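Q: Protein chains in written order, with the working numbering: chain X, 4 to 461; chain C, 4 to 461.
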């Protein structure tokens, strides 16, 4: 079986289809507005990074039921034939507004808004959350790794323990757009044009009877990319073998670009290995480290002055292990011209078509965001922009390099404490008076403006 | 783009290809033996559940490079033309031994062993780990949910916050084989034959001007599956509307199967809702709950006597949020007839072709496992069985129901404390004297038998 997951419109929750049957029966096809947002920021994240928009737009453009999928729906006995026939013609014809990828955002701010006939806007919920949630999760972790080691080579090594195939691929994408230099995942090159990096595993060394011979053979097989893994048996002994081998390779025009250490006390080993390499004249041979790294470990190694120029960051990045999920949602804000909200305990939502207005202080740094109604005249830069109209993109896909540049600019405008790894006071997300009034009107009772849902404040 | 992730052999780490180029150059195609195992169990897990074998066998059977993939490899400029040509003919022709899915296992025990020409056994590493790691992770979490609520209806609701499409699909599979009743993920039905469940979202209620009218319409659209979500505005008021509506529906032959609560204090709401339903004569209408559930919350609700018959378990299950990854590896144990091991600090491995022998006490409960050499004559049940020979399966795929039955049997034979949610003393994993001697011989120095790698003991 080749897993059809990413491609199938059936990768959705059953209740989307049962609700669609209900909407179909009642002819409820008027325009609905849904927001995707993160309810609360975890204490481990000072900000989040918008990511995944491009993959969502691809999903919306390609949305349709194949004959096979319609066959399953028909055979399930859960739905009417009329409804199944109608599904056959279903396409996404709506509008999308979104924060461009690489935009920094906070709790309660819409990252993406869908405006479409109710059944379409409803049907896309599960996959849209699935795509945005994970890429935001990884991008928001990856940017912390970059901030912890601004000038190091950082490579995503997380494929093997990412949660499935698509997680491995989308994590490479999210990590790269958030500032990493590339990935070990080959598929990310043809699919997303991301630089790929790779050296050797311990098994390559072990399959040879002699470590030095393994080094020599690898160097000849990959003469332009000689990074030798030296910790299979004894790290410092491995480094001495590299020194022994280097002149032989040099005569063949081969340069040992770096050695890799993957176990033990990385800082201590790196220092001893640096001495061995320097004493052997290999000043240009760098040290690359991997093994259970994350932003805190990177910072520790940098602060310890470990002579390591590059890092493979794996499992903890692609599983976002300290924060493996975000409290995010995709919620109805308007239907048939009327604003809507839910008031479930701890999960109330803001109604209407909203905009995020970002204000900068005299220093150029973000001072505060205001969540208001789209047509309000509020100070600040409106962050949500139209990206799809009538089911068609308004612009060609952005390059990941453009996204990286946007994030860099966003980081420059972020108050310095938020760029640190420790929890810092986030800029407030204010609720505009008009939005607060609208919510109160819908509730049927006047309500004080400062009791807002979620993490936001008014 | 339809994500080709699961289907592409390029979903691998670049170093697999660079190593293969090295093996190719040197003609290193002799037989290699690799083990997949989990180095250490996290304190939050008393045991792990083997899962993912079937998807690995599918992957191995289908392994080949397409013209497009070969084109990328050729154009990358990293590999020789001879090598690329040789890749075109590469298939998996090896043998696989494995723990059958649903088998309970512990640290250091091989879950799967690949015996194949070195390049093949090497190339499959990244994807093989990617498939096994995640399914073991979710199955080992799901079984804890089942143990916490043995007689409740338990449904996987985790697609939206699973890490990508494949995670959503494979989590449904792993959760079902570990004892859940089904999933909300529609695709799991046609792909894996897993029962799907679904009701309605808050947006369905909100899109109507009147909650009772929304209930009525949903019931008529899905008359055989009426589960009404009652917490959009006020949970108890919602329950009273269900009581009001039920006689009208009954006259149309429609039964309200259950109500769903998704917010607030689930136990308190469930008690009040139960009273309202009972007072209204709806004794047969059940209560289904969801919202940030995991095994601990399930146990708390059961212990509190909350009148809830079914649960949707979502994000915390499909991200295995308390343990988002396992420390697992795929390591060379033999090449060209010679046992191999790495001795990297904290990551040393056991050499040779191994078997896990499980001994049961007089009570029929697992007493101890012994990791020994395959050809040793040791007491206990050998757990690793041959599943693939020469690249072909030895048996047709097992049904997930057969896997569920095996896990149930395994659970019955597990010491009772291990079936609890709190950390308990795990049975020891002994190292056979012959295996310890082999490792010592390879190290070139006699070593005491009790200093073994990883979590195991001798």
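Even glycine gets a Cβ: it sits at the ideal position worked out from N, Cα and C. Quantities reported herein were computed from a predicted structural model and do not represent experimental measurements.
Let me check understanding here. Comparing Cα to Cα, which of 242(X), 438(X) and 85(X) lies closest to residue 374(X)?
A: For the residues 242(X), 438(X) and 85(X), the minimum Cα distance to residue 374(X) belongs to 438(X).
Q: With H, G and I counted as helix, E and B as strand and the rest as coil, what does DSSP make of residue 433(X)?
A: DSSP places residue 433(X) in strand when its eight states are reduced to three.
Q: Cβ of residue 190(X) less than 7 Å from any chain C Cβ?
A: Chain C, which has a Cβ nearer than 7 Å to the Cβ of residue 190(X), makes this yes.
Q: Using Cβ-Cβ distances below 9 Å, what residues of the segment 194-206 of chain X are close to chain C?
A: Here the close residues are 194, 199, 200, 201, 202, 203, 204, 205 and 206.
Q: Using DSSP's beta-bridge definition, name the partner residues of residue 332(X).
A: The partner list for residue 332(X) (beta bridge, DSSP) reads 40(X).
Q: Quick check on residue 80(C): buried or exposed, where buried means 16 or more other Cβ atoms within 10 Å of its Cβ?
A: Residue 80(C) should be labelled exposed.
Q: Buried or exposed: residue 15(X), going by 16 or more other Cβ atoms within 10 Å of its Cβ?
A: Per the 10 Å Cβ criterion, buried.
Q: From what residue to what residue does the alpha helix (DSSP H) around residue 272(C) run?
A: Per DSSP, residue 272(C) belongs to the alpha helix (DSSP H) from 269-282.
Q: With 16 as the cutoff for other CB atoms within 10 Å, does residue 398(C) come out buried or exposed?
A: Exposed, by the Cβ-count rule.
Q: So, at 6 Å on beta carbons, what are the nonlocal neighbours of residue 235(X) in its own chain, with the 5 sequence-adjacent residues on each side left out?
A: Taken in chain order, the residues that qualify are 205 and 208.
Q: Quick check: what's the CA-CA separation for residue 305(C) versus residue 178(C)?
A: Distance between the alpha carbons of residue 305(C) and residue 178(C): 20 Å.
Q: Is residue 402(C) helix, strand or coil when you go by DSSP?
A: In the structure shown, residue 402(C) sits in coil (DSSP, three-state: anything other than H, G, I, E or B).
Q: Between the segment 398-426 of chain X and chain C, which residues of the former have CB atoms less than 8 Å from a CB of the latter, in chain order?
A: So nothing in the stretch comes that close.
Q: State the CB to CB distance for the pair residue 184(X) and residue 157(X), rounded to an integer number of angstroms; the pair is presumed to be in contact (CB under 8 Å).
A: Yes, residue 184(X) and residue 157(X) are in contact; Cβ-Cβ is about 6 Å, under 8 Å.
Q: With a cut-off of 7 Å, does the C-beta of residue 142(C) fall near any C-beta of chain X?
A: No, because no Cβ of chain X sits closer than 7 Å to the Cβ of residue 142(C).
Q: Determine, using beta-carbon pairs with one atom in the segment 321-337 of chain C and one in the segment 163-173 of chain C, whether at least three such pairs fall under 8 Å.
A: The segment 321-337 of chain C, when compared against the segment 163-173 of chain C, does touch it at the 8 Å Cβ threshold.
Q: How is the alpha helix (DSSP H) around residue 318(X) delimited, first residue to last?
A: Residues 318-321.
Q: Excluding the 5 residues preceding and the 5 following residue 292(C) in the sequence, name in chain order all residues of the same chain whose CB lies nearer than 6 Å to its CB.
A: Closer than 6 Å at the Cβ level, and outside the excluded window around residue 292(C), lie 264, 269, 311 and 314.
Q: For a test of the three-state rule: what should DSSP assign to residue 459(C), helix, strand or coil?
A: Caution is warranted here: a pLDDT of 43 is assigned to residue 459(C), below 50, making its placement in the model unreliable, and the coordinate value is therefore given only provisionally. Three-state DSSP puts residue 459(C) in coil, outside helix and strand.
Q: Taking Cβ-Cβ distances shorter than 8 Å, what residues in chain C pair up with residue 132(X)?
A: What residue 132(X) touches in chain C: 163 and 164.
Q: Tell me whether the segment 339-355 of chain X and the segment 401-415 of chain X touch, counting them as touching only if at least three CB pairs, one residue from each stretch, are closer than 8 Å.
A: The segment 339-355 of chain X is not in contact with the segment 401-415 of chain X.
Q: Considering just the uninterrupted stretch of the alpha helix (DSSP H) at residue 391(X), what are its terminal residues?
A: No alpha helix (DSSP H) contains residue 391(X), which is instead part of the beta strand (DSSP E) from 388-392.
Q: Against chain X, with Cβ distances strictly below 7 Å, would residue 75(C) count as a contact?
A: By this cut-off, residue 75(C) is an interface position.
Q: Could you have a look at residue 35(C) and say whether DSSP puts it in helix, strand or coil?
A: Residue 35(C): strand per DSSP, three-state reduction.
Q: DSSP puts residue 186(C) in a beta bridge; with which residues?
A: Bridge partners of residue 186(C): 159(C) and 199(C).
Q: Return no unless some Cβ of chain X is closer than 7 Å to the Cβ of residue 219(C).
A: False, the Cβ-Cβ gap to chain X never drops below 7 Å.
Q: On the DSSP bridge list, what partners appear for residue 100(C)?
A: Bridge partners of residue 100(C): 116(C) and 389(C).
Q: Could you check whether the Cβ of residue 343(C) sits closer than 7 Å to any Cβ belonging to chain X?
A: By this cut-off, residue 343(C) is an interface position.
Q: Let me know the secondary structure DSSP gives residue 259(C) once reduced to three states.
A: Here residue 259(C) sits in strand by DSSP.
Q: So with Cβ pairs under 7 Å, would you call residue 22(C) a contact of chain X?
A: Yes, residue 22(C) counts as interfacial toward chain X.
Q: If we count the other Cβ atoms within 10 Å of its Cβ and call it buried at 16 or more, is residue 255(C) buried or exposed?
A: Under this definition residue 255(C) is an exposed residue.
Q: What's the call for residue 25(X), buried or exposed, on a 16-neighbour Cβ count within 10 Å?
A: Classification for residue 25(X): buried.
Q: Which ranges does the alpha helix (DSSP H) cover as unbroken runs of at least 4 residues, wholly within the segment 205-260 of chain X, from first to last along the chain?
A: Complete alpha helix (DSSP H) runs here, min 4: 205-210, 214-224 and 238-254.
Q: Evaluate residue 201(C) with the Cβ neighbour count: other Cβ atoms within 10 Å of its Cβ, from every protein chain shown; 16 or more gives buried, anything less gives exposed.
A: Answer is buried; the Cβ neighbour count reaches 16.
Q: Buried or exposed, going by whether 16 or more other CB atoms sit within 10 Å of the CB of residue 286(C)?
A: By the neighbour-count rule (16 or more Cβ atoms within 10 Å), residue 286(C) is not buried but exposed.
Q: Pair every Cβ in the segment 421-431 of chain C with every Cβ in the segment 130-139 of chain C, then say whether three or more of these pairs are closer than 8 Å.
A: The answer is no - the segment 130-139 of chain C does not touch the segment 421-431 of chain C, with fewer than three Cβ pairs under 8 Å.
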